[in-house]
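This report concerns only the one structure given below.
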Amino acid sequence: MTMNHQSIEASGTRNHAQQGATEDGRSRRQEQADWLDSLIPDPSEVPPLCDEPRFAELLRGIVADHAPHVFVIVQEYGERVDGRVAAWGMAFDERAEIVTVEGDMRMSLRSPEAALPNFRFGTRIRSRLVWFDRDAITPAAEECT
Numbered sequence: 797m798t799m800n801h802q803s804i805e806a807s808g809t810r811n812h813a814q815q816g817a818t819e820d821g822r823s824r825r826q827e828q829a830d831w832l833d834s835l836i837p838d839p840s841e842v843p844p845l846c847d848e849p850r851f852a853e854l855l856r857g858i859v860a861d862h863a864p865h866v867f868v869i870v871q872e873y874g875e876r877v878d879g880r881v882a883a884w885g886m887a888f889d890e891r892a893e894i895v896t897v898e899g900d901m902r903m904s905l906r907s908p909e910a911a912l913p914n915f916r917f918g919t920r921i922r923s924r925l926v927w928f929d930r931d932a933i934t935p936a937a938e939e940c941t
């Protein structure tokens, strides 16, 4: 397929419109950035708190202090006959976010325990909350005996 000069111009016009350019040629994204910047004081006159390595260290500390606790909802078949990880979650101070391993259901609940009833099926499949513990990772060959 060859494009002539007119189709190139039309294509350029369409792409320009799809990108959301305003009448003065600025993008909608740039307009939004300008509007957001108008809400926040300009920090260019404020000196940095510290050098980059120290600032990175401070940020790692903030992340560690505010990190959510990771948990799993396990479905247990029978009396320890079998089990599977049904969902992963993150517990924050005021709520829990959960997503199934299949990715087809997400929940935002007041606590991790509030998710348990959603993973029970009759009397043969129970749900259990297990807090993630990196130290509990086992070699693949280990089994319950």
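For the sequence shown, counting from 1, position 120 maps to 916 in our numbering; every step adds exactly one. We put the CB at the ideal spot given by N, CA and C, even for glycine.
- Message: If distances are taken between C-alpha atoms only, which option among A932, A892, P935 comes closest to S907?
- Response: Of the listed residues, the one whose Cα sits closest to S907 is A892.
- Task: Assuming V947 and R856 form a contact by the criterion Cβ under 8 angstroms, report the distance between their Cβ atoms to the nearest whole angstrom.
- Result: What the structure shows of the chain is the stretch from 797 to 941, and residue 947 is not part of that stretch, so it cannot be assessed.
- Message: My output table needs one value for R824: the three-state DSSP class, helix, strand or coil.
- Response: Helix.
- Cβ-heavy atom distance between D847 and the ligand GTP below 7 angstroms? Absent from the structure shown: the ligand GTP. Ligands present: none.
- Message: Given a cut-off of 8 angstroms on the beta-carbon distance, is the pair F928 and V868 in contact?
- Response: In this structure, V868 lies closer than 8 angstroms to F928 by Cβ.
- Message: By alpha-carbon positions, which one of P849, E875, A863 ends up nearest to R920?
- Response: Of P849, E875, A863, the residue nearest in Cα terms is E875.
- Which first and last residues belong to the beta strand (DSSP E) in which R924 is found? It spans 921–927 - the beta strand (DSSP E) in which R924 sits, taken as one unbroken run.
- Item | Where I894 falls, given that 16 or more other Cβ within 10 Å makes a residue buried | Answer is buried; the Cβ neighbour count reaches 16.
- Work out the CA separation of D830 and A860 for me, nearest whole Å. Between A860 and D830, the C-alpha separation is close to 33 angstroms.
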